[in-house]
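Visitor: Position 19 (the sequence shown) corresponds to 22 in the working numbering; numbering is contiguous. Before I ask anything, here is the structure I am working with.
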Amino acid sequence: MTINVILLGPPGAGKGTQAKTLAERTGLTHVASGDLFRAALREGTELGMLAKSYMDRGELVPDEVVIRMILERVAQPDCAAGVIFDGFPRTQEQAVALQESLAEHNGKIDAVLYLHVPNEVLLRRIAGRQTCKVCGATYNIYYFPSHRPGICDACGGKLYQRSDDSLETAQHRLDVYFTQTRPLIEHYQRQGLLHEIDGQQDIAWVTDAMLKALGRFLEPSAQPKE
Ligand code: ADP
Ligand code: AMP
């Protein structure tokens, strides 16, 4: 069954962490707008340079740029069986563009999993976030550090701190979330798609809650254990 899921929530809520596990458990493809921009930047493309000028300031990249990038990504064959959107949509215009584009291909959003986490926890999570340069695995110096400092447990790659995870930029990204992205909660609530999940719980608990929320869409092998 093809399903499309959006992970919604502020920076640091745990969207990327959960999306990776959910993708493994469900076979859906993880599409993260922030990861796509960071990859474009590593490749030195024009898109990467443009995105960097916004990311460094904690601002959103303009809608038309993000929308084009995501719609191109979801047109690729690996997205045909369904997608977990992480970090997209972040504005009303992005949400409408996604819904219109899916509808053109007889698709739709099936569920929106909203991770709720209080602000003070978010800032600590962002400040402590470390990401693997090679495989993208995420660690946290406060909550679950890698076994060897600065080295990824999964692949041995080097860990780095994102430049937009400084306290000042992180605070601004939270403000941007509250003004531009939070209204999407109501947008999806009105459509009956929203599932609110307590993102303060530990990672395995949150994964389980997400799988339960997706329960009726999942193959038996991906169902959460009782
Ligand atoms: P987002 O993609 O929503 O910005 P991440 O998945 O990158 O958030 O998580 C932000 C930071 O918080 C990372 O360092 C991650 O390891 C950590 N984290 C994620 N989920 C939890 C959790 N349930 N409890 C504690 N820390 C978490
Ligand atoms: P993230 O990796 O989701 O924390 O995103 C990092 C940065 O990439 C954001 O602060 C924005 O500058 C940019 N970005 C990612 N996704 C979007 C989006 N959907 N719309 C606009 N900008 C985005």
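All residues carry an ideal CB built from backbone N, CA and C; glycine is no exception.
Using only the alpha-carbon positions, how far apart do serine 149 and leucine 105 sit?
Guide: Stepping through the sequence shown from its first residue, residue 149 is reached at position 146. Stepping through the sequence shown from its first residue, residue 105 is reached at position 102. In a straight line, the C-alpha of serine 149 is about 39 Å away from that of leucine 105.
Visitor: Any heavy atom of the ligand ADP inside 7 Å of the beta-carbon of isoleucine 206?
Guide: In the sequence shown, the residue the question calls residue 206 occupies position 203. Indeed, a heavy atom of the ligand ADP lies less than 7 Å from the Cβ.
Visitor: Starting from glutamate 46 and walking both ways along the alpha helix (DSSP H), at which residues does that stretch end?
Guide: Taking the first residue of the sequence shown as 1, we reach residue 46 at position 43. No alpha helix (DSSP H) contains glutamate 46, which DSSP labels as neither H nor E.
Visitor: Please specify which runs of the alpha helix (DSSP H), each continuous and at least 4 residues long, are wholly inside the segment 135-212, giving them in chain order.
Guide: The segment 135-212 contains these whole alpha helix (DSSP H) runs: 170-179, 186-193.
Visitor: Expressed to the nearest angstrom, what Euclidean distance is found between the alpha-carbon atoms of arginine 45 and glycine 61?
Guide: Taking the first residue of the sequence shown as position 1, residue 45 is located at position 42. Taking the first residue of the sequence shown as position 1, residue 61 is located at position 58. If you take the alpha carbons of arginine 45 and glycine 61, they lie about 18 Å apart.
Visitor: What residue ranges within the segment 50-89 form continuous alpha helix (DSSP H) runs of no fewer than 4 residues, ordered along the chain?
Guide: Qualifying alpha helix (DSSP H) stretches, in chain order: 66-77.
Visitor: How far does the beta strand (DSSP E) with leucine 105 in it extend, from its first residue to its last?
Guide: As a first step, residue 105 is located in the sequence shown; it is residue number 102 there, counting from the start. Leucine 105 -> not in any beta strand (DSSP E); alpha helix (DSSP H) instead, spanning 95-107.
Visitor: Among Val137, Asp168, Asn122, Pro121, which has the Cα closest to the Cα of asparagine 143?
Guide: Within the sequence shown, numbered from 1, the residue matching residue 143 stands at position 140. Nearest C-alpha to asparagine 143: Asp168.
Visitor: How many Å lie between asparagine 109 and asparagine 7 at the Cα?
Guide: Here the question's residue 109 lines up with position 106 in the sequence shown. Here the question's residue 7 lines up with position 4 in the sequence shown. The straight-line gap from Cα to Cα measures roughly 12 Å.
Visitor: Starting from alanine 130, follow the beta strand (DSSP E) in both directions and report where the run begins and ends.
Guide: Counted from its first residue, the sequence shown places residue 130 at position 127. From DSSP, alanine 130 is part of no beta strand (DSSP E) but of the alpha helix (DSSP H) over 122-131.
Visitor: Does the Cβ of glutamine 102 lie closer than 7 Å to at least one heavy atom of the ligand AMP?
Guide: As a first step, residue 102 must be located in the sequence shown, where it is residue number 99. No, the ligand AMP has no heavy atom inside 7 Å of this Cβ.
Visitor: With DSSP collapsed to three states, give me the class of alanine 225.
Guide: Residue mapping note: residue 225 aligns to position 222 of the sequence shown, counting from 1. Residue state, collapsed to three classes: helix.
Visitor: Report the three-state DSSP secondary structure of alanine 216 (helix, strand or coil).
Guide: The residue labelled residue 216 in the question sits at position 213 within the sequence shown. It is helical.
Visitor: Buried or exposed, going by whether 16 or more other CB atoms sit within 10 Å of the CB of threonine 20?
Guide: For this step, residue 20 is matched to residue 17 along the sequence shown. It counts as buried.
Visitor: Does the Cβ of alanine 157 have 16 or more other Cβ atoms within 10 Å, making it buried, or fewer, making it exposed?
Guide: Position 154 of the sequence shown, counted from the first residue, corresponds to residue 157. By the 10 Å Cβ count, alanine 157 comes out exposed.
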